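Below is one structure; the comments refer to it alone.
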């Protein structure tokens, strides 16, 4: 009996609900909304699993550097330095449930995830945790040296408070007390010297500025500016530094207690060597001089010679950067194509690293981009963790978009120490003349967040390199010059040294850059993204070049606006008028009315640029920058003047219709017989 009642109860309930369809429908809708809310909340609280809405698996598939997913793929790829910083949206929030407010990560739940109360201290005090925990940078790690342990000691001045061991402030400039911020131990300024070397005297002026802003190391990427000799005597540029020049720069670095890290290319970006006839046979792909063939013994002989000559002038360094980024032309030659691409890459890197460690007793650093898609076990197989330290680089606001969490997990299983690399210029356009300070600052802020979150997975981050690319590769034209990027570099350095960005940093910014006007108003980066307004009254080394970029931008805009107005918007100086030599002389004169006010500021700008650039660069770089950035517009204006002058010469004009342009015939346009019959242009019936 009880069983029968129990069996009929559910049926009775369902029958009752069915008779009350509206109640049942309402109940289903409420439960659906409840489930959706739970799912939404789960996604938010676990936002670290998805980088900007991109699943981890897709993030690897859509790897921004364009590397082939399969190791056996031999698809030709075009390397582009800093591709990860191009065409990226800068309005995305990277950090899941948090949002950036004045440089601080604030958890929407009210709990600041990266801030820690300083234990046992003043509750108002701020403890900059990065360098404190990074004392492990001085631990004796097992450095590879033919099986022997080599001590990896910190720099002699590591205990100097100016080297950021512990930074404590009694009150946060923004009013946030009791919080902790990550400060990278080494704050490294990158000098990309290829093809545009600053005068040595400029380093003497600049180093004190960088020191005051918080820099404590430099990365010197010489490329063809190094005074190679012997078998490499043909490699240096005609305006390369002499040995005395290099020694002067190194002495200046020592005076300012800068850790020096040279960078030599040992795999990709070897255009400065492989472009030459003597080394052409060492290319992986004959058409492209970017990458060296790792399967030829002569290739490694060349690499050894490059390393030995650079190390001979840097005897007391701790790290040597050996490049190895963007090696896209890999596995193409007859020897290499039979081998696995990952194995090709890793075996060459391991061989170079062992050579550096065994002969020169220093730690090799490599760019990390070629490792990101490789399996963890593959990295372990080649003992990469005992051989190199990766420098993880990306130049956008959304670091996790290009270096997702699974990559950090993989690296933490392999490498005891890692580096980070941001940018202060040379990342958002191949031909820019001045960096967008806002975008670069966002990149450096994002790296502070990432380092704060990821550093405990490793012994520590060694530090962060603020890159400043001079060209996107050896064969490219110039992008932003070094002096044009100094305001961007200084605000980035101040931010990294403090552990976060705040508007109050501009007080020190004004002091360091010797600004005559100390503006109290907050900087609006939307209005002043290049800091032209904020830094126009500053007189730092090379400031004339920085101001030049604003004058150049304004002059070029006037030219573009004027040419558009008279050759496209109006109807008397168009290409059609010029080709058919027909126009109204009166209207042409009207179009030329503003010519002088546009043309002569351009010629004046050449003289301004010449004088400003000569303070920092030799005549080769001065001429290259002017030819690239001003002279094309002078040619456009002079071409317009000549065409306008020719258009005013006719005194009689032909009757219409004018004869069609002959070049259109290949498109079957303008097919007219000699007697004027256009029936030939009609389709056959």
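In the UniProt record's numbering, the protein residues as written are 1 to 685. Quick reminder that beta carbons are idealized off the backbone N, C-alpha and C, glycines included. Remember, it's a predicted structure, so these values are computed and weren't measured experimentally.
Can you tell me the Cα-Cα spacing of residue 186 and residue 321, whole angstroms? Against the chain shown, residue 186 aligns to sequence position 186. Against the chain shown, residue 321 aligns to sequence position 321. Answer to the nearest angstrom: the Cα atoms are 15 angstroms apart.
What do you get for residue 210, buried or exposed, if any count of 16 or more other CB atoms within 10 angstroms of its CB means buried? In the chain shown, counting from the first residue as 1, residue 210 sits at position 210. Residue environment analysis places residue 210 among the buried positions, since at least 16 neighbouring C-beta atoms fall within 10 angstroms of its C-beta.
Residue 540 - partner residues in DSSP beta bridges: Mapped onto the chain shown, residue 540 falls at position 540. Per DSSP, none; premise fails for residue 540.
Sheet register partners of residue 562 (DSSP bridge): Sequence index remark: in the chain shown, residue 562 carries index 562 (1-based). Per DSSP, none; premise fails for residue 562.
Below 8 angstroms CB to CB, which residues in the same chain sit around residue 441 once its five sequence neighbours on both sides are set aside? Here residue 441 is taken as the residue at index 441 of the chain shown, counted from 1. Cβ within range, chain order: 488, 491, 492, 495, 501, 525.
Would you check if the segment 563 to 575 and the segment 532 to 550 touch, i.e. whether three or more CB-CB distances between them fall below 8 angstroms? no
Does DSSP put residue 88 in a helix, in a strand, or in coil? To locate residue 88, count along the chain shown from 1; it is residue 88. Bear in mind that a pLDDT of 46 at residue 88, under 50, signals an unreliable position, so the number given afterwards is only what the model happens to contain. Coil, per DSSP.
Beta-ladder partner(s) of residue 467, from DSSP: As a first step, residue 467 is located in the chain shown; it is residue number 467 there, counting from the start. Answer is 423.
According to DSSP, residue 319 sits in a beta bridge with which residue or residues? Sequence index remark: in the chain shown, residue 319 carries index 319 (1-based). 363, per the DSSP bridge assignment.
Quick check on residue 673: does DSSP put it in helix, strand or coil? Counting from one through the chain shown, the residue named residue 673 turns up at place 673. Correct three-state label for residue 673: coil.
So if DSSP puts residue 617 in a beta bridge, which residue, or which two residues, is it bridged to? What you label residue 617 is simply residue 617 of the chain shown in a count that begins at 1. DSSP, once it has assigned bridges, lists 198 as partnering residue 617.
Applying the criterion that 16 or more other CB atoms from any shown protein chain within 10 Å of the CB defines a buried residue, is residue 298 buried or exposed? Within the chain shown, the letter at position 298 stands for residue 298. Answer is exposed; the Cβ neighbour count stays below 16.
Where residue 531 falls: helix, strand or coil (DSSP): One-based indexing of the chain shown puts residue 531 at position 531. Residue 531: coil per DSSP, three-state reduction.
8 angstroms Cβ cutoff met for residue 303 and residue 266: Position 303 of the chain shown holds residue 303. Position 266 of the chain shown holds residue 266. Taking 8 angstroms as the Cβ cut-off, residue 303 and residue 266 qualify as a contacting pair.
Thinking just about the alpha-carbon of each residue, which of 314, 334, 376 is nearest to the one in residue 356? Taking the first residue of the chain shown as 1, we reach residue 356 at position 356. For residue 356, the nearest C-alpha among the options comes from 314.
Under the rule that 16 or more other beta-carbon atoms within 10 Å means buried, what is residue 272, buried or exposed? The sequence position of residue 272 within the chain shown is 272, counting from 1. It is buried - the Cβ of residue 272 has at least 16 other Cβ atoms within 10 Å.
Using the DSSP secondary-structure output, state which residues sit across from residue 217 in a beta bridge. Residue mapping note: residue 217 aligns to position 217 of the chain shown, counting from 1. The partner list for residue 217 (beta bridge, DSSP) reads 188, 259.
How many whole angstroms separate the CB atoms of residue 630 and residue 658, which I take to be in contact at a CB cut-off of 8 angstroms? Translated into the one-based positions of the chain shown, residue 630 becomes position 630. Translated into the one-based positions of the chain shown, residue 658 becomes position 658. Wrong, their Cβ atoms sit about 37 angstroms apart, outside the cutoff.
Residue 393 bridges to which residues according to DSSP? For the purposes of this step, residue 393 is taken as the residue at position 393 of the chain shown. According to DSSP, residue 393 bridges with 421.
State buried or exposed for residue 543, treating a residue as buried only when at least 16 other CB atoms are found within 10 Å of its CB. On the chain shown, position 543 is the one that residue 543 refers to. Around the Cβ of residue 543, a 10 Å sphere holds 16 or more other Cβ atoms; the residue is buried.
If we count the other Cβ atoms within 10 Å of its Cβ and call it buried at 16 or more, is residue 27 buried or exposed? Within the chain shown, numbered from 1, the residue matching residue 27 stands at position 27. Counting other Cβ atoms within 10 Å of its Cβ, residue 27 stays below 16 and is therefore classed as exposed.
Under 8 angstroms by Cβ, that's how I've got residue 689 and residue 408 pegged, so tell me the actual separation to the nearest angstrom. The requested residue 689 does not occur in the structure, where the chain is confined to residues 1 to 685.
Are there 16 or more other CB atoms within 10 angstroms of the CB of residue 295, so buried, or fewer, so exposed? Here residue 295 is taken as the residue at index 295 of the chain shown, counted from 1. The residue in question, residue 295, is buried, as its Cβ has 16 or more Cβ neighbours within 10 Å.
Is it true that the CB of residue 535 sits closer than 8 angstroms to the CB of residue 505? Translated into positions along the chain shown, residue 505 becomes position 505. Translated into positions along the chain shown, residue 535 becomes position 535. Cβ distance not < 8 angstroms, so residue 505 and residue 535 don't count as in contact.
Quick one: measure Cβ to Cβ for residue 637 and residue 602, integer angstroms, because I've assumed they're closer than 8 angstroms. Along the chain shown, one-based indexing puts residue 637 at 637. Along the chain shown, one-based indexing puts residue 602 at 602. Between the beta-carbon of residue 637 and that of residue 602 there is about 7 angstroms, and that keeps the pair under the 8 angstroms contact cut.
Among 597, 651, 239, which residue has its Cα nearest to the Cα of residue 196? Start at 1 with the first residue of the chain shown, and residue 196 comes out as number 196. Minimum Cα-Cα distance from residue 196 among the listed residues 597, 651, 239 corresponds to 239.
Are the C-beta atoms of residue 306 and some chain D residue less than 8 angstroms apart? Checking the listed chains, one finds no chain D in this structure; it contains a single protein chain.
Can residue 191 and residue 220 be called in contact, C-beta distance under 8 angstroms? One-based indexing of the chain shown puts residue 191 at position 191. One-based indexing of the chain shown puts residue 220 at position 220. Cβ atoms of residue 191 and residue 220: closer than 8 angstroms.
From the DSSP output, in three-state form, read off residue 686 for me. Nothing about residue 686 can be reported from this structure: the residues present for the chain run from 1 to 685 only.
Nearest candidate by alpha-carbon position, reference residue 641, set 669, 673, 651, 593: Your numbering for residue 641 matches position 641 in the chain shown. For the residues 669, 673, 651, 593, the minimum Cα distance to residue 641 belongs to 593.
Using only alpha-carbon positions, find the residue among 559, 376, 398 that is nearest to residue 449. The residue given as residue 449 occupies position 449 in the chain shown. Comparing Cα positions, the closest option is 398.
Residue 239 - containing alpha helix (DSSP H), residue span: By 1-based counting over the chain shown, the position of residue 239 is 239. Segment: none, residue 239 is in no alpha helix (DSSP H) and carries neither H nor E.
Per DSSP, residue 461 forms a beta bridge with which residues? Working through the chain shown from its first residue, we reach residue 461 at position 461. Answer is 418, bridged to residue 461.
Cα separation between residue 252 and residue 406? Start at 1 with the first residue of the chain shown, and residue 252 comes out as number 252. Start at 1 with the first residue of the chain shown, and residue 406 comes out as number 406. Cα to Cα, the separation comes out at about 41 angstroms.
Residues near residue 537 by beta carbon distance below 8 angstroms, same chain, minus five either side: Counting from one through the chain shown, the residue named residue 537 turns up at place 537. 515, 516, 517, listed in sequence order.
Assuming residue 569 contacts residue 608 (C-beta within less than 8 angstroms), just tell me the rounded distance between them. In the chain shown, the residue the question calls residue 569 occupies position 569. In the chain shown, the residue the question calls residue 608 occupies position 608. About 29 angstroms; that fails the 8 angstroms criterion.
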